[in-house]
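Colleague:
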Amino acid sequence: MVDVLMLDEWMGQQTVMQSAAKHLASVVILPH
46 MVDVLMLDEW MGQQTVMQSA AKHLASVVIL PH
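Heads up, our numbering is the position in the sequence shown plus 45, with the first residue counted as 1.
Structure representation (structure tokens):
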């Protein structure tokens, strides 16, 4: 059985990593 709280926390971490990766990608692809 999956712990809902742990799953929710994992999903939150994944979202943070994805947003950070997208930010880094946008900075690299579109230099200021």
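Using N, Cα and C, we set each Cβ at its ideal position, and we do this for glycine too.
Please state whether DSSP places Asp48 in a helix, a strand or coil.
Modeller: Correct three-state label for Asp48: coil.
Colleague: Hey, how far is the Cα of Val72 from the Cα of Thr60?
Modeller: Approximately 18 Å, taken between the alpha carbons.
Colleague: Can you give me the C-alpha to C-alpha distance between Leu75 and Met62, rounded to a whole angstrom?
Modeller: Whole-angstrom Cα-Cα distance: 20 Å.
Colleague: To the nearest angstrom, report how far apart Leu50 and Gln58 are at their CA atoms.
Modeller: Computed Cα separation, rounded: 12 Å.
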